[in-house]
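**Q** Before we start, here is the structure in question, set down as structure tokens.
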Amino acid sequence: MMSYEEYMNQVIQPMRDELTSNGFIELRTPEEVEQALPNAKGLTLVVVNSVCGCAAGLARPAAVHSLKHPKRPANLYTVFAGQDKEATAKAREYFEGYPPSSPSFAIMKDGKFLEMIERHQIENNDLQTISNMLTSLYEKYSD
78 MMSYEEYMNQ VIQPMRDELT SNGFIELRTP EEVEQALPNA KGLTLVVVNS VCGCAAGLAR
138 PAAVHSLKHP KRPANLYTVF AGQDKEATAK AREYFEGYPP SSPSFAIMKD GKFLEMIERH
198 QIENNDLQTI SNMLTSLYEK YSD
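The opening residue of the sequence shown carries number 78 in our numbering; numbering runs sequentially from there.
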């Protein structure tokens, strides 16, 4: 018989794969977050992933779609809210001034947090609009 944890891992793996198969690096521990985020050079996109419907239908597809833009982030990271709780909590420490929100997107540059697109901005828009929000931030902060 499969344990609850094994079952959840099996159910959410495709949600993880949607990002990692498109170049995102999953940060699953606080140590991985501390190693990656403050040391990332250039523009960074952090996707706070989630099991909710707006993550599946909007956030993950918009993040992937936004990568077609010519000015895309040099670094692509993801943490999974509700699954990798300690890693997500550590990542959120970098998103100064913003309450926990998932799914969400954080834009960072040279290890410094710049802007956040929160869940309420994601769930009330369509995929193209969300992708455009991301690409406008890529434009704004690219060299």
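Ideal Cβ placement from N, Cα and C applies to all residues, glycine included.
In the DSSP assignment, find the beta strand (DSSP E) that holds M92 and state where it starts and stops.
**A** Premise fails: M92 lies in the alpha helix (DSSP H), Y81 to T97, not in any beta strand (DSSP E).
**Q** Note down, in chain order, each residue of its chain lying with its Cβ closer than 6 Å to the Cβ of T212, except the 5 sequence neighbours on either side.
**A** Counting only Cβ-Cβ distances below 6 Å, and skipping sequence neighbours, we find S143 and H146.
**Q** Measuring alpha carbon to alpha carbon, tell me which of V123, S127, T106 and N99 ends up nearest V88.
**A** The shortest C-alpha separation from V88 is found at S127.
**Q** Can you name the residues that DSSP bridges to A183?
**A** DSSP lists V123 and M193 as partners of A183.
**Q** What would DSSP say about Y154, mapped onto helix, strand or coil?
**A** Three-state result, Y154: strand.
**Q** Is the segment 114–133 in contact with the segment 170–187, if contact means three or more CB pairs nearer than 8 Å?
**A** Contact between the segment 114–133 and the segment 170–187 is present, because at least three Cβ pairs lie under 8 Å.
**Q** Go to N116, then tell me how far its alpha helix (DSSP H) extends in each direction, as first and last residue.
**A** Taken as a continuous stretch (DSSP letters only), N116 belongs to no alpha helix (DSSP H), as it is neither H nor E.
**Q** Taking contact to mean at least 3 C-beta pairs separated by less than 8 Å, is the segment 190–207 in contact with the segment 167–178?
**A** Cβ pair count under 8 Å is three or more, so yes.
**Q** So who's on the other strand from E103, going by DSSP bridges?
**A** The partner list for E103 (beta bridge, DSSP) reads T155.
**Q** Over the uninterrupted alpha helix (DSSP H) stretch that includes V141, give me the two end residues.
**A** Start and end: R137 to S143.
**Q** Along the alpha helix (DSSP H) that carries N209, what are the first and last residues, could you check?
**A** Here the alpha helix (DSSP H) through N209 covers L204 to Y218.
**Q** F157 and Y171 - do their beta-carbons sit closer together than 8 Å?
**A** Result no, Cβ atoms of Y171 and F157 do not sit closer than 8 Å.
**Q** Measure the alpha-carbon distance for G159 versus E216 and round it to whole angstroms.
**A** Each residue's alpha carbon lies about 31 Å from the other.
**Q** Please say whether L114 and G188 have beta carbons closer to each other than 8 Å?
**A** Yes. Within cutoff.
**Q** Measuring straight from C-alpha to C-alpha, what distance separates L214 and Y84?
**A** In a straight line, the C-alpha of L214 is about 37 Å away from that of Y84.
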